[in-house]
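Numbering (our numbering), first residue to last: 256 to 814.
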Amino acid sequence: MTKYVFVTGGVVSSLGKGIAAASLAAILESRGIKVTLIKLDPYLNVDPGTMSPFQHGEVYVTEDGAETDLDLGHYERFITTRMKKANNFTTGQIYKSVLERERRGDYLGKTVQVIPHVTNEIQEFVKRGAGVGTEHEVDVAIVEIGGTVGDIESLPFLEAVRQMSLRMGPNNSAFVHLTYVPWIAAAGELKTKPTQHTAQKLREIGIQADVLLCRADRRIPDEEREKISLFTNVPTWGVISMWDVDTIYKVPRILHEQGLDGLICDKLRIHTPPANLKRWDELVREFEHPEREITIAMCGKYTDLSDSYKSLNEALRHAGMHSHAKVLIEYVDSETLTADNVQQLAAFDAVLVPGGFGKRGVEGKVLAAKFARESKLPYLGICLGMQVATIEFARHQAGLEKANSTEFEPDTPHPVIALIEEWQDADGSIQKRSSSSDLGGTMRLGAQSSDVKSGTLAHEIYGDVVTERHRHRYEANVNYLDQLGAAGLVISAITQREKLTEIVELPRSVHPWFMGVQFHPEFKSTPWGGHPLFNSFISAALAHQRERLQIVGSEKAAA
Ligand code: GLN
């Protein structure tokens, strides 16, 4: 039977609940327990796909094409169980499902209410996420409840998991509450009052925490832990300190040392061999002892909010660790790039243009791709970054002067990037997609496989077949591929099913490392060995740096 650990949060948001939940899952997994993670989001959007990355951070895409909360990215980086659509749901999805049932008459004329209908639905969704009754059923599902205790929004979720734990009996579920213990500089003290209150708030709705994970900028001394214990009815060994660290990969070790997994396994009556965190320790050692340092220019739009590129940042770091290098990422706002200042990119070891939507900043990205191509700087274009590389190549190498994507210029004379419906028109004319298009429903989403052309850089990296995840609407226009190919652009991978362009690159004879990919490789990168595409990109950046330093060195010697 599946057992559950419910993870809630108190006092303030952004304390790292996702990392805490993922870390606990990782420790349990190292004890041989089959685990999964589920995220419940208390907002009315059906999924985060339509939300601005400024507000919500990155939209993480699963193998089966769900647009989910970025915490699912942490989950996949921390444990081996793969996330699916069912691992993340929102209030919007719950209500949608309840209302559909109501319209179908499933409730047999009863008054449909939050309790029990919405709370029952939540419990069904949680069980579905845990794979109950299927071959994917896990031993322990860790359920992270978004939001903060005390919010009106999260009340139905908390009520649902309270009922669930009651129904399952005493040793089948546990409650972990993440709280904040602020350091008040003027008093020179850590303050426990907000934690006392949030635990009380939780008890008010019938939930007694088994564990308090106390976030603070420092380790919490025993005296304060005892005080917290006394006021919150949580035994002192359940009051666990979670202090600020320089890498999230240290968190599993910190929690394990204080006995978190032991406590949870006791409570759930699970007997296993002890945890083995050797590979986490090795990861941290690698992180702390890089041999070199490289700097990547990330030319994007959401530069003031690194949460928007969470998985990408992690993927670059993973590849760095794999190459014993520390990867520094410098955001360059593409809106500020002009022909006069694009030269600044020469100071970097590589250029990366990440995914994005909308016209703003696109011309700056085209300039960045042009500069990287001409100056032989390693270039990786992801999704939109591949599209701008194609536009740039069309304009400056294939003689298609005003080439563009119809996303940015609907009337462009050369729509080298366009919606499939647009470029499939037999007479070559551009026809607009009907304006009723549902924002949530028109994307190419999730994993797809492509055949890779032999003799290419892509083939060196991936072998014969590449399977990566997608999230985009526009595609390289098939009608221009011959012309681009004749001018020297290599189409190195094509999707198996729809024959869409998946990877473009420049031949090695022309450029040491220049590649654009229509997919998002960052979603599949884990700390364990890094991702082959990012590993290759980082080693190209390292090689470029070596060459650059040699030139600088010989210039100095000559002077
Ligand atoms: N805006 C582009 C498209 O929809 C690229 C999307 C992306 O980079 N994720 O095709």
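All residues carry an ideal CB built from backbone N, CA and C; glycine is no exception. This structure is a prediction, so every number in the text was calculated from the model and none was measured.
Residue i vs residue j beta-carbon contact at 7 Å
{"i": "L635", "j": "L607", "result": "yes"}
{"i": "V587", "j": "I549", "result": "no"}
{"i": "Q530", "j": "R286", "result": "One detail in the question is off: residue 530 reads as Ala in this sequence, not Gln. Cβ distance < 7 Å, so A530 and R286 count as in contact."}
{"i": "A627", "j": "K522", "result": "no"}
{"i": "G320", "j": "L755", "result": "no"}
{"i": "I675", "j": "Q642", "result": "no"}
{"i": "S747", "j": "A713", "result": "yes"}
{"i": "I646", "j": "V621", "result": "yes"}
{"i": "T434", "j": "G265", "result": "yes"}
{"i": "I716", "j": "A574", "result": "no"}
{"i": "T491", "j": "E478", "result": "no"}
{"i": "F261", "j": "V398", "result": "yes"}
{"i": "I462", "j": "V436", "result": "no"}
{"i": "M497", "j": "L532", "result": "no"}
{"i": "L739", "j": "A653", "result": "yes"}
{"i": "A589", "j": "G619", "result": "Before going further, note that residue 589 is Ser rather than Ala in the sequence given. In this structure, G619 lies closer than 7 Å to S589 by Cβ."}
{"i": "I439", "j": "L295", "result": "no"}
{"i": "A602", "j": "P545", "result": "no"}
{"i": "V395", "j": "L283", "result": "yes"}
{"i": "A702", "j": "E318", "result": "yes"}
Those residues which DSSP pairs with residue i across a bridge
{"i": "V721", "result": "S705"}
{"i": "A748", "result": "V707 and I758"}
{"i": "F436", "result": "The question names Phe, but residue 436 in the sequence shown is Val. None; V436 has no bridge partner."}
{"i": "T527", "result": "T527 pairs with nothing; no bridge assigned."}
{"i": "M497", "result": "R470"}
{"i": "D588", "result": "G555"}
{"i": "N659", "result": "P670"}
{"i": "D737", "result": "Answer is none; D737 lacks a bridge partner."}
{"i": "E322", "result": "V316"}
{"i": "R801", "result": "Answer is none; R801 lacks a bridge partner."}
{"i": "M770", "result": "L635 and E760"}
{"i": "N343", "result": "K294"}
{"i": "V208", "result": "Residue 208 cannot be examined here, being either before or after the span of the chain that is shown, 256 to 814."}
{"i": "L445", "result": "W438"}
Reference residue i; option with closest CA among the options
{"i": "E512", "options": "G493, R524, T346 and V436", "result": "G493"}
{"i": "V393", "options": "L292, S352 and R417", "result": "L292"}
{"i": "T335", "options": "K779, E543 and L788", "result": "K779"}
{"i": "D406", "options": "A798, L632, P297 and G616", "result": "P297"}
{"i": "K258", "options": "L761, L532, R524 and G613", "result": "R524"}
{"i": "D326", "options": "V539, F612 and Y564", "result": "Y564"}
{"i": "D536", "options": "C554, W783, R417 and Q703", "result": "W783"}
{"i": "E802", "options": "E723, A742, K631 and T345", "result": "K631"}
{"i": "L788", "options": "P762, E723 and D737", "result": "E723"}
{"i": "A242", "options": "V707, W768, H669 and A702", "result": "Residue coverage of the chain in this structure runs from 256 to 814, which leaves residue 242 outside it and unanswerable."}
{"i": "F344", "options": "P411, E590, W768 and G384", "result": "G384"}
{"i": "T781", "options": "A454, Y504 and K657", "result": "Y504"}
{"i": "A415", "options": "I288, P371 and E390", "result": "P371"}
{"i": "L592", "options": "A742, Q703, W768 and G555", "result": "G555"}
{"i": "I519", "options": "R470, A464, I551 and R547", "result": "A464"}
{"i": "A605", "options": "H311, A798 and E444", "result": "A798"}
{"i": "P449", "options": "V765, R470, W768 and V316", "result": "R470"}
{"i": "V617", "options": "E629, S307 and L639", "result": "L639"}
{"i": "T346", "options": "S409, S420, E757 and N596", "result": "S409"}
{"i": "S709", "options": "E664, R547, T447 and P762", "result": "P762"}
- Query: Do three or more CB pairs link the region 349–359 to the region 325–339 at distances below 8 Å?
  - Reply: Under the 8 Å Cβ criterion, the region 349–359 does not count as touching the region 325–339, having fewer than three qualifying pairs.
- Message: For the structure I just gave you, are there three or more beta carbon pairs, one from the region 274–284 and one from the region 369–388, closer than 8 Å?
- Response: Touching, no.
- Message: Three Cβ pairs or more, each shorter than 8 Å: is that satisfied between the region 449–462 and the region 477–497?
- Response: Contact between the region 449–462 and the region 477–497 is established, with three or more Cβ pairs separated by less than 8 Å.
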